[in-house]
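Here's the structure we're looking at; comments come further down.
Residue numbers (the working numbering), protein chains in the order written: chain Y, 206 to 464; chain E, 238 to 553.
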């Protein structure tokens, strides 16, 4: 007997298998372009600046940015793949309607989506990590737990986005979420510089969302500066987003499918 | 007694469905037995789909009682759905996957072992006459093929009860006939079927028994033949008169036709005369010096019953 979530995810994995090669290339390309452009380009400037090593905790800029990129790539993936595709399951290809006509229920669909998003994040971010392992500045065993942290952050965005996509009547607000939440977090969420550089209000906004917490933990792993208590606290906060998002997603999807 | 209840697959009493203020289903009683092909006939918005969704254990019942396989869908939803096959009105196929993948993955939803999914997939491809398109992406299939795939998919769990919501809407005649043939074969194999339709010929061809549903209520129930006998005459005479304008002329015509047949109905383009002997009624029309452009005597159909019961305004 296979769990309902795994059975519900079968369709997404089948679709993903068809697109695997192109999907991995696309999700590799973007973070690698950022790494080259910022890590190497801006990095050359930053590393020449006296005191930069202190500000970045003894890391080169490339080593500083790499875990941030892993986690923010996972965030973008988790959020965007839980908006339009979830609408599609309800409205366009109606996969979810087909699924609740079988023994599966809304809880299984949410579980299946979580399972798929975890798998997808591990494959996409994992392949970026493989490339990082070939670069001197970023080669560390800490990349492995960093990928796991990135997958958690992906879920922490995927679950609330799924809840929102299932609850809302129209998808016109989705681009706004992308522009006014995801892109600002990408820029101001601690991936490219310590958020202490930012105005206090912006700092607190960054701390509200799970991205910064994940970036801090992933960077602690790759820099080998892990503090147990802080790690547990940060990951606990990320987990809270997953759990609350999961419950909300199940509730809104159930209401939508069982009218 | 146990055998009798076991034989009763659907039982509804005073079943209602409300969406906010709107009452889509207003207290219907139903009993569908094993092996039957049962139809819901009604205009759009009559409450057919709402009833089907309740029977499918997807939409919660608002009032009354409903038992499927003797079980309450409120408490046994997943179990009931495991024994049902559902062909929804709008296709829910995975458009970007192949025909074969659609069947296999749907089988997984029922927790069928992978090997069993593959075996049944091969069987059902044959049944739906899609074996040579097994590898095609669904998006590239014709409407008729997609419907056949929807039906094949709904059979993957070998359901005891198959629910079909307007299975042939939008199909061309060839595709409809092929589909009817498949449904008839399933009936011969003993699969109980419940279908909704607003095609009278479909109901007449396929259904052992049907209910006519209008504005959320059952307005008639019986076999197609019984309903025709009860609500219509044996034959119908259709007359077309040269175009004349104004309602005065229609009234005038009704006057002139007074007493011919047992009932008459003036439509926009023709007059229907319900009579047990259509030829005799036509003779009477001629005796009254009326000269229709065309006259047609035909057997009464379910359509006449339907129009009689639900009114002329067949609206969306």
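Don't be surprised by glycine CBs; every beta carbon is placed ideally from N, CA and C. Remember, predicted model here, so these are calculated numbers, not experimental data.
Specify the secondary structure class of residue i as computed by DSSP and reduced to three states.
{"i": "residue 340 of chain E", "result": "helix"}
{"i": "residue 276 of chain Y", "result": "helix"}
{"i": "residue 270 of chain E", "result": "strand"}
{"i": "residue 460 of chain Y", "result": "helix"}
{"i": "residue 252 of chain E", "result": "strand"}
{"i": "residue 300 of chain E", "result": "strand"}
{"i": "residue 451 of chain E", "result": "strand"}
{"i": "residue 172 of chain Y", "result": "A query on residue 172 of chain Y cannot be resolved here, the shown segment of chain Y reaching from 206 to 464 and no further."}
{"i": "residue 357 of chain E", "result": "helix"}
{"i": "residue 433 of chain Y", "result": "helix"}
{"i": "residue 388 of chain Y", "result": "helix"}
{"i": "residue 260 of chain E", "result": "strand"}
{"i": "residue 317 of chain Y", "result": "helix"}
{"i": "residue 319 of chain E", "result": "helix"}
{"i": "residue 335 of chain E", "result": "strand"}
{"i": "residue 548 of chain E", "result": "coil"}
{"i": "residue 348 of chain Y", "result": "helix"}
{"i": "residue 539 of chain E", "result": "helix"}
{"i": "residue 275 of chain E", "result": "strand"}
{"i": "residue 453 of chain Y", "result": "helix"}
{"i": "residue 246 of chain E", "result": "strand"}
{"i": "residue 420 of chain Y", "result": "helix"}
{"i": "residue 324 of chain E", "result": "strand"}
{"i": "residue 339 of chain Y", "result": "coil"}
{"i": "residue 360 of chain Y", "result": "helix"}
{"i": "residue 378 of chain Y", "result": "coil"}
{"i": "residue 208 of chain Y", "result": "coil"}
{"i": "residue 367 of chain E", "result": "coil"}
{"i": "residue 398 of chain Y", "result": "coil"}
{"i": "residue 525 of chain E", "result": "coil"}
{"i": "residue 218 of chain Y", "result": "helix"}
{"i": "residue 558 of chain E", "result": "Beyond the ends of chain E as shown, which are 238 and 553, falls residue 558 of chain E; an answer cannot be given."}
{"i": "residue 284 of chain E", "result": "coil"}
{"i": "residue 440 of chain Y", "result": "helix"}
{"i": "residue 294 of chain E", "result": "coil"}
{"i": "residue 373 of chain Y", "result": "coil"}
{"i": "residue 349 of chain E", "result": "coil"}
{"i": "residue 404 of chain Y", "result": "coil"}
{"i": "residue 426 of chain Y", "result": "helix"}
Which residues in chain Y have a C-beta closer than 7 angstroms to the C-beta of residue i? List them in chain order.
{"i": "residue 433 of chain E", "result": "What residue 433 of chain E touches in chain Y: nothing, since even the nearest Cβ is about 15 angstroms away."}
{"i": "residue 332 of chain E", "result": "298"}
For residue i, which residues in chain E fall below 7 angstroms Cβ to Cβ?
{"i": "residue 299 of chain Y", "result": "327, 329"}
{"i": "residue 212 of chain Y", "result": "345, 346, 348"}
{"i": "residue 318 of chain Y", "result": "Residues of chain E passing the Cβ test: none, with the nearest at roughly 15 angstroms."}
{"i": "residue 305 of chain Y", "result": "295"}
{"i": "residue 291 of chain Y", "result": "Those within 7 angstroms of residue 291 of chain Y in chain E number zero; the least Cβ separation is about 15 angstroms."}
{"i": "residue 463 of chain Y", "result": "295, 296, 297"}
At 8 angstroms on the CB atoms, spell out the chain E contacts of residue i, in chain order.
{"i": "residue 308 of chain Y", "result": "315, 316, 318, 319, 346, 347, 348"}
{"i": "residue 459 of chain Y", "result": "Neighbours of residue 459 of chain Y on chain E: none; closest Cβ ~11 angstroms, over 8 angstroms."}
{"i": "residue 258 of chain Y", "result": "Those do not exist, as residue 258 of chain Y stays about 50 angstroms from chain E at its closest Cβ, beyond 8 angstroms."}
Thinking residue i and residue j are a contact (beta carbons under 8 angstroms), I'd like their distance in whole angstroms, please.
{"i": "residue 371 of chain E", "j": "residue 473 of chain E", "result": "At roughly 47 angstroms, the Cβ-Cβ gap does not stay under 8 angstroms, so residue 371 of chain E and residue 473 of chain E are not in contact."}
{"i": "residue 329 of chain E", "j": "residue 292 of chain Y", "result": "That belief does not hold up - the Cβ atoms of residue 329 of chain E and residue 292 of chain Y are roughly 15 angstroms apart, past 8 angstroms."}
{"i": "residue 494 of chain E", "j": "residue 478 of chain E", "result": "Not quite, the Cβ-Cβ distance comes to about 10 angstroms (not below 8 angstroms), so this is no contact."}
{"i": "residue 290 of chain E", "j": "residue 299 of chain E", "result": "Actually they do not touch by this definition, with Cβ atoms about 12 angstroms apart."}
{"i": "residue 355 of chain Y", "j": "residue 419 of chain Y", "result": "7 angstroms"}
{"i": "residue 542 of chain E", "j": "residue 515 of chain E", "result": "Going by Cβ atoms, the distance from residue 542 of chain E to residue 515 of chain E rounds to 17 angstroms, so no, they are not a contact pair."}
{"i": "residue 215 of chain Y", "j": "residue 250 of chain E", "result": "Not quite, the Cβ-Cβ distance comes to about 38 angstroms (not below 8 angstroms), so this is no contact."}
{"i": "residue 332 of chain E", "j": "residue 402 of chain E", "result": "About 19 angstroms separates the two Cβ atoms, so there is no contact after all."}
{"i": "residue 384 of chain E", "j": "residue 420 of chain E", "result": "Actually they are not in contact, since the Cβ atoms of residue 384 of chain E and residue 420 of chain E sit about 11 angstroms apart, beyond 8 angstroms."}
{"i": "residue 265 of chain Y", "j": "residue 333 of chain Y", "result": "Rounded, the Cβ-Cβ distance is 18 angstroms, inconsistent with contact."}
{"i": "residue 416 of chain Y", "j": "residue 390 of chain Y", "result": "5 angstroms"}
{"i": "residue 546 of chain E", "j": "residue 445 of chain E", "result": "Going by Cβ atoms, the distance from residue 546 of chain E to residue 445 of chain E rounds to 19 angstroms, so no, they are not a contact pair."}
{"i": "residue 394 of chain E", "j": "residue 364 of chain E", "result": "Between residue 364 of chain E and residue 394 of chain E the Cβ distance is about 14 angstroms, and since that is not below 8 angstroms, they are no contact."}
Could you name the residues that DSSP lists as bridge partners for residue i?
{"i": "residue 532 of chain E", "result": "E/476"}
{"i": "residue 265 of chain E", "result": "E/252"}
{"i": "residue 305 of chain E", "result": "E/247, E/308"}
Quick one: which chain Y residues come within Cβ less than 8 angstroms of residue i?
{"i": "residue 342 of chain E", "result": "215, 216, 219"}
{"i": "residue 338 of chain E", "result": "219"}
{"i": "residue 323 of chain E", "result": "306"}
By the criterion of Cβ-Cβ separation under 9 angstroms, what are the contact partners of residue i in chain E?
{"i": "residue 343 of chain Y", "result": "Under the 9 angstroms cutoff, chain E gives no residues; its nearest Cβ is about 36 angstroms from residue 343 of chain Y."}
{"i": "residue 302 of chain Y", "result": "295, 325, 327, 329"}
Given 8 angstroms as the limit, tell me if residue i has its C-beta closer than that to any heavy atom belonging to the ligand MN.
{"i": "residue 209 of chain Y", "result": "With respect to the ligand MN, the structure shown offers nothing to examine, as it has no ligands at all."}
Which runs of the alpha helix (DSSP H) at least 4 residues long sit entirely within the stretch 371 to 446 of chain E? Give them in chain order.
380 to 391, 410 to 425, 437 to 443
Runs of 3 residues minimum, wholly inside the stretch 455 to 518 of chain E: which ones carry the beta strand (DSSP E) assignment?
472 to 477, 500 to 503, 508 to 512
What beta strand (DSSP E) runs, 3 residues minimum, are completely inside the stretch 236 to 299 of chain Y?
none
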